[in-house]
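**Q** Sharing a structure here in C-alpha cells format.
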Amino acid sequence: MHVYSKNIVRFIATIKRAVKEIIAKEVVLRVFGDRFYDKRERISYPIKVVIYNNKSMLGYFAADFYELGFHEKLMHAPKSQLLDIIRHEIAHYITFIEHTQAVQHHGEEFRATCRRFGWGDEVSRATTCLDDGEAVLESAENAILRKVQKLMALASSQNPHEAELAMIKSQELLLKHNLEACEVESDDEKVFLIRILKQKKENAKMRAISQILATFFVSSVFSRCSGWIYLELVGSKTNLEIAEYVAHFLDNELDNLWHSAKKTSNLQGQVAKNSFTLGIAKGYCNKIAALKRSYSKEVTHALISLENKLVEVQALCYPRLRYTRSSASHCSRSSALGELVGNKLTIKPGLTNSVANIGLLT
C-alpha cells in the first residue's frame, strides 16, 4: 500500500533528486527527466519512487513496476542512512537490468554491483527490517468495516424490502463516516493506493468494476506495467478496505450474472457481454444516484465537496494523469438488460470469514 500526502510528495521529490544524482555521478549513466539511459542496452529506464508504510523493510525495488519504494519512516532518518538505502535499492535496479530476476536477491551478482560502484557493507546491508512493523487499522475504522459487512449480509436477503433498506443504510453509513473524516482538520492528511485485478489487458468487466467502486468513495485509475494492467485505487484506508472487498466480489459476480443472462435472454457474443456488463454498472450507479437525490441540501453540498476532494487526491497521486476513451462496439438490448440487473445488484458477503482477513495488496 502506497501512501501520499503533501509532505510525502515533497519527500518523493527529495528522493528522486538523490536517485538522479547517484545514478549520474556514481553509477555514471546519463539521466534525463525521470529516466536514465544505459548505452550498452540502448534503452532507457524510468525513475519511479513511491512511499509505503505497511511493510517491515526500509526499502525495496519492484522489477515488475520499475519501482523504488521507501518506508515513510525514512522521512525522519539521518541523510547518510537515507542515501545508503537509496544506493542499496539502485543496486537492485542495476542488478535486475544486467541479470534479470534469475539471481539471488542479495547474492554475488548484487554484491558485485555494489563493489563496482565503490559501495561497501554500509550500502549492501543498508535495508534492514523495522521492529514494530505496520499497525492494524484503528478500532474506529474496524467498527465501520464490521457494520458495513453486516449491512452487506442483509443486502443479500431474499426479502426485497430488507435488502434495499440494508443497501441504503450501508451507503449512508459510508457517507457519514467520510463526511466526519472531512471535518477533522489535518495539516498533512494521508491517502493510500493499492493495486488490484491484475489482467493482461483492460476489459469491460474492469471498467464496470471501476465505475461501481466510485460509489464507495475511492478514485480508480488503470495502470499499465510490464505487459499487465492493474486497477489502482486511491482513498482512505477504510474506503480502500471496503472497495477491495467489493471489487473481488464483483470480479466473480459479473461473470455469474452474464452466464445467467445468456440462458434466460439468449445473449451471445463478446459485444453483448461487454454491453451487458457495463449496463450492470450503469444500473447500479443510477440506483446510487437516485439515493443521493433524496439527501438534504446540506448533505448534498457536503457530498459534492467530498467528491471534489477525491479529484484533488487523485491529482496528488497522479500529477500527469492522462485520460483515454473507449470506442468499443455496443449492443443496446444487452445494455438495457444489464441496467435492469444492475438496479437490483447487491454486494453480498462471503468471500472471507471476517473483515480482518481481507488483505490489502501492495
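In this text, residue positions in the sequence shown follow the working numbering: the first is 12, and each later residue adds one. Where is the CB? At the ideal position from N, CA and C, for every residue including glycine.
#1: Beta strand (DSSP E) containing Trp269: first to last residue?
#2: Beta-carbon within less than 6 Å of Glu133's beta-carbon, same chain only, minus the 5 sequence neighbours each way: which residues are those?
#3: By DSSP, does Gly290 sit in helix, in strand, or in coil?
#4: From the DSSP output, which residues share a beta bridge with Glu120?
#5: Grab the span of the alpha helix (DSSP H) containing Leu317 for me, first residue to last.
#6: Reducing DSSP to helix, strand and coil, say where Gly353 ends up.
#7: Look up His13 in the DSSP assignment and give the residues it is bridged to.
#8: Quick one: give me the first and last residue of the beta strand (DSSP E) that Asp199 is part of.
#9: Using C-beta distances below 8 Å, list every residue in its chain close to Leu332, excluding the 5 sequence neighbours before and after it, in chain order.
#10: Taking Cβ positions, are Gln222 and Ala292 nearer each other than 8 Å?
#11: Can you give me the C-alpha to C-alpha distance between Gly70 and Leu79, rounded to a whole angstrom?
#12: Answer yes if the segment 29-42 comes into contact with the segment 338-352, meaning at least three C-beta pairs across the two stretches below 8 Å, and no otherwise.
#13: Three or more beta-carbon pairs under 8 Å between the segment 206-221 and the segment 251-266, yes or no?
#14: Within 10 Å of its beta-carbon, does Asn386 have 16 or more other beta-carbons around it, so buried, or fewer, so exposed?
#15: Report the rounded CA-to-CA distance for Lys201 versus Leu40, giving the unit in angstroms.
#16: In angstroms with no decimal places, state the Cα-to-Cα distance between Ala146 and Ala102.
#17: Looking at Leu17: is its Cβ nearer than 8 Å to the Cβ of Asp199?
#18: Taking only the alpha-carbon atoms, compute the straight-line gap between Ser307 and Ile358 and give it to the nearest angstrom.
#19: Compare the Cα-Cα distances from Asn267 to each of Tyr256, Phe287, His13 and Ser305 and report the closest residue.
#20: If we call anything under 8 Å between Cβ atoms a contact, is Phe228 one with Val14?
**A** According to the structure shown:
#1: Trp269 -> not in any beta strand (DSSP E); alpha helix (DSSP H) instead, spanning Lys248 to Ser276.
#2: Asp95
#3: helix
#4: DSSP lists no partner for Glu120.
#5: Lys308 to Cys328
#6: helix
#7: Tyr63 and Leu204
#8: Per DSSP, Asp199 belongs to no beta strand (DSSP E) and is neither H nor E.
#9: Val232, Gln325 and Ala326
#10: yes
#11: 8 Å
#12: no
#13: yes
#14: The shown model of the chain, from 12 to 373, leaves out residue 386, and the question about it has no answer.
#15: 35 Å
#16: Low confidence applies to Ala146: its pLDDT is 39, below 50, so where it sits in the model is not reliable enough to give any reading.
#17: According to the sequence as given, residue 17 is Lys; it is not Leu. Taking 8 Å as the Cβ cut-off, Lys17 and Asp199 qualify as a contacting pair.
#18: 26 Å
#19: Phe287
#20: no
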